[in-house]
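Colleague:
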Amino acid sequence: MRTLLLSLSLCLPLAHAGEIDQPAALAALEQPNAVLIDVRTTEEFADGALPGASLIPHEQIARRIAEVAPDKDAPIVLYCRSGRRSGIAQDRLLELGYNNVINAGSYDHLQPALKD
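Take the position in the sequence shown, starting the count at 1, then add 29; the result is the number in this note's numbering.
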């Protein structure tokens, strides 16, 4: 029985990335207190980022979020290259008690949507 449980646990993902919801992200960004966070690497950010975005790489999100979003009820919109890292960051922020965190998905998909 232990072998079966161990085998099953190895099949489960270690992190559950949140669902991408670009329409909700775009609506949230219309709010004056919205916070836009790029969770990619410094190098990716330097290659291009959305206007007004703060860079907090996803592995630093828990320790640095209060720098840009001290209000746990403010809308927080996260993006990365594909949506995976922003989903991981979203899950972490929800665990920390942030209530309005949205995974906007990828930079490449969000950038043209913001121009419309």
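Just so you know, even glycine gets a beta-carbon here, dropped at the ideal spot from N, CA and C. Nothing here was measured: the structure is a model prediction, and the numbers come from that model.
1) Would you decide whether Asp76 is buried or exposed? Buried here means 16 or more other CB atoms lie within 10 Å of its CB.
2) Can you find the residues in the same chain that come closer than 6 angstroms, C-beta to C-beta, to Ala54, ignoring five residues on each side of it along the sequence?
3) Helix, strand or coil for Gly134, going by three-state DSSP, please let me know.
4) For the candidate residues Ile94, Asn128, Gln89 and Pro80, whose alpha-carbon lies nearest to that of Asp102?
5) What residue range does the beta strand (DSSP E) around Val106 cover?
6) Which term fits Asp137, buried or exposed, when burial requires 16 or more other beta carbons within 10 angstroms of its beta carbon?
7) Please classify Val68: does DSSP put it in a helix, a strand, or coil?
8) Spatial neighbours of Ala118 within its chain, please: C-beta separation below 6 angstroms, excluding the five flanking residues on both sides.
Modeller: Checking against the coordinates, here is how it stands:
1) Walking along the sequence shown from the start, residue 76 turns up at place 47. Asp76 comes out exposed.
2) One-based indexing of the sequence shown puts residue 54 at position 25. The beta carbon of Ala54 sits closer than 6 angstroms to those of Val106, Ile131 and Ala133, all from its chain and outside the five residues before and after it, given in chain order.
3) Position 105 of the sequence shown, counted from the first residue, corresponds to residue 134. Strand.
4) Counted from its first residue, the sequence shown places residue 102 at position 73. Among Ile94, Asn128, Gln89 and Pro80, the Cα nearest to that of Asp102 is on Asn128.
5) As a working note, residue 106 is residue 77 in the sequence shown. Judged by DSSP secondary structure, Val106 falls within the beta strand (DSSP E) whose first and last residues are Ile105 to Cys109.
6) As a first step, residue 137 is located in the sequence shown; it is residue number 108 there, counting from the start. Taking all protein chains in view, the Cβ of Asp137 is surrounded by fewer than 16 other Cβ atoms within 10 Å, so the residue is classified as exposed.
7) Start at 1 with the first residue of the sequence shown, and residue 68 comes out as number 39. Coil, per DSSP.
8) The residue you call residue 118 lines up with position 89 of the sequence shown. Val68, His87, Ile90 and Leu107, listed in sequence order.
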